Amino acid sequence: MNVMVLGAGIVGACTAIELLKSGARVTLIDAGTPGAEQAASHGNGAWLSPASIVPMSTPGLWKKVPGYLMDKSGPLTIRLSSLPGLAPWLWRFTRAGSTLSKVEQTARSLNRLLRDAPDRHAALAREAGLDHLICRNGLLYVYPDKAAFDAESLAWRLRRINGVRWQEWDQQKIQEKVPQLAGKYRFGAWVEDGAHCLNPGDYVRGLVEHAISLGADFISGSVSHIDAKGQLTVAGRILSADNIVIACGIGSGELCKMLGDDIPMRSERGYNIVIKDPGFELPIPVMPSDGRMANTSTNAGLRFSGQVELADEAAAPDWRRSDILLQHAATTYSAIQDTVFDPARMTRWMGKRPSVADGLPVISRSRASAHIFYAFGHGHIGLASAPKTAQLLVALMMGKADSAGCDDYAVERFY
Ligand SMILES: Cc1cc2nc3c(=O)[nH]c(=O)nc-3n(C[C@H](O)[C@H](O)[C@H](O)COP(=O)(O)OP(=O)(O)OC[C@H]3O[C@@H](n4cnc5c(N)ncnc54)[C@H](O)[C@@H]3O)c2cc1C
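Counting along the sequence shown from 1, when you hit position 15 you're at 15 in our numbering, and nothing is skipped either side.
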């Protein structure tokens, strides 16, 4: 089987490796450098979390939205001028979480992609010689008190019924394990099976290099056109392929439209700020309930990442969103020093989470051709869920029995 994999982010890289291991000949194509800033895979929170199965859209969300919009330093913002264009996506997004049973179903489908994500990444990294980039210390959610934890009972119930394991820590245990945290966090949930990546951008680049070492070709160029016969225009050149996988993250939507598949996908823009040499390292990545951001020590510095900004696809980044993360960081850690706020030590980044309105990715054959496949739309969980995505997709392509689990992610659900 000859396959062109369009997009060399985490999903394209994992898919290429899985295809090569199944005996396919693979060509990877990307408009940018794999793992570089244009990819969502570059600057994410680096969490490989089996606990990320809670959909963003849950019952009653719409009641909270006005509060989020009023709170200038809150975790969610919508640019008002973009609202009309976003309305159809927002409507589907809200409906996807309108009942408990829908949310439970989505959590089950996400769990299938995430439950063994740390094991899958550990195995993949080992095989690619990148095991120094995967760290398995668990992941810690912290709250001011038990009442704040209980206020998120739906999220933790979904995790419990899907087999996610955690330990509950009191203030003393939190301070013993993560002494850098401020004393205001008196309750914690440590997800013991969680893991993180020490540098997602380097990881993706390393995986693409591994794919090349296994025999893949790499073409640098943007795919500007595709048709159902498998003809592509790449940086002005016409190429044709027997089989194609579209794994271009947020860039996938345009290509699918050319094939007649209009996917309800928008970018949930997210931000990070990385502090080089912050003076301390977090022994465990932390998610504070007030800041709602992933705080992770990476090999490039301490990374704070989060925020959801809904805006026009082409809108310029609003770097105040990164600064909000920094403001939260200042009150989250007692260990934080004033020197951390030295602009020379900081880098900021904005990336586009490819988010499908129903909260699930598209892992599917296209409707236009039996030889064109989709692997995109992973929203908040693409780093963690990429290896399982690759396994499911390749099983589907090869007609293997274990592709049966793909139905939840099929493109037909929109038609
Ligand atoms: C702030 C933030 C925090 C996050 N935190 C986490 C986390 O902690 N854990 C987690 O699991 N997930 C997290 N995510 C989500 C995760 O980063 C994404 O779901 C994931 O990176 C998507 O991977 P991808 O390969 O589909 O897309 P991308 O990484 O965006 O890769 C797509 C690639 O396709 C290329 N491309 C696009 N269009 C074309 C074209 N027309 N022609 C050729 N090439 C093209 C691009 O250059 C790019 O390299 C976070 C995201 C953000 C923004």
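Think of the CB as a built atom: it goes at the ideal place given N, C-alpha and C, for glycine as much as any other residue. All figures in this text were calculated on a predicted structure; none of them were measured in a lab.
In the DSSP assignment, Cys197 falls outside any alpha helix (DSSP H) and within the unbroken beta strand (DSSP E) covering Ala195 to Cys197. Per DSSP, the continuous beta strand (DSSP E) segment holding Asp30 begins and ends at Arg25 to Asp30.
Within 10 angstroms of the beta-carbon of Phe149 lie 16 or more other beta-carbons, which makes it buried. When the Cα atoms are used, Glu37 and Met350 turn out to be separated by approximately 8 Å. Spatial neighbours of Thr106 in its own chain (CB-CB distance under 6 Å, excluding positions within 5 residues in sequence) are listed in chain order as Pro55 and Gly359. Listed in chain order, the non-local C-beta contacts of Gly43 below 6 Å within the same chain comprise Asn272, Trp349 and Gly351, local neighbours out to five positions each way being set aside.
Of the other Cβ atoms in all chains shown, fewer than 16 fall within 10 Å of the Cβ of Asn2; this residue is therefore exposed. The beta carbon of Leu232 lies closer than 6 Å to those of Val223, Ile226 and Leu239 in the same chain, with the five residues before and after it left out.
Taking the Cβ of Cys135 as the reference point, every heavy atom of ligand 1 lies at 7 Å or farther away. Set against 7 Å, the gap from the CB of Asn295 to the closest heavy atom of ligand 1 is not smaller. Residue state for Tyr141 is assigned as strand, using DSSP reduced to three classes. With respect to the 8 Å criterion, Phe373 and Leu393 are classified as neighbours on the basis of their beta carbons.
In the three-state DSSP reduction, Ser82 falls in the helix class (H, G or I).
Between the beta-carbon of Ser364 and that of Val411 there is about 4 Å, and that keeps the pair under the 8 Å contact cut.
Sorting Val245, Cys197, Gly35 and Pro354 by C-alpha distance to the C-alpha of Pro285 places Cys197 at the top.
At a Cβ-Cβ threshold of 8 Å, Gly405 and Arg112 count as neighbours. Distance from the C-beta of Ala125 to the nearest heavy atom of ligand 1 is not below 7 Å. Fully enclosed alpha helix (DSSP H) runs of no fewer than 4 residues occupy 252-258 of the stretch 210-279, in order along the chain.
Pro34 places its beta carbon 8 Å or farther from that of Val234.
Annotation: the continuous alpha helix (DSSP H) that includes Phe149 extends over Lys146 to Asp150. In the structure shown, Met1 adopts coil according to DSSP, grouped into three states.
Taken through DSSP and simplified to helix, strand or coil, His378 comes out as strand. Relative to Trp169, the option among Pro144, Ala24 and Leu90 whose CA is nearest is Pro144. For Ala357, the closest alpha carbon among the candidates Ala335, Ser57, Ser305 and Ala395 is that of Ser57. DSSP, read as helix, strand or coil, puts Leu48 in strand. Where Lys64 is concerned, there is no enclosing beta strand (DSSP E), although the alpha helix (DSSP H) around it starts and stops at Leu61 to Met70. If you look at Asp170, you'll find it in the beta strand (DSSP E) that goes Gln167 to Asp170. Within 10 angstroms of the beta-carbon of Ile161 lie fewer than 16 other beta-carbons, which makes it exposed. Under the three-state reduction of DSSP, Glu309 is assigned to strand. Remark: the C-beta of Trp319 is outside contact range of ligand 1, defined as less than 7 Å to any heavy atom. Taking the C-beta atoms as reference points, Thr27 is found no nearer than 8 Å to Asp318. For Pro354, the pairing in a beta bridge is given by DSSP as Ser267.
At the C-beta level, Gly279 and Glu192 stay beyond 8 Å of one another.
Nearest neighbour of Ala300 by Cα position, chosen from Ser289, Val274, Gly306 and Gly291, turns out to be Val274. Taking 8 Å as the cut-off, the beta carbon of Tyr141 is found no closer than this to the beta carbon of Met293. Under the Cβ criterion (8 Å, minimum of three pairs), the stretch 68-80 does not count as touching the stretch 114-131.
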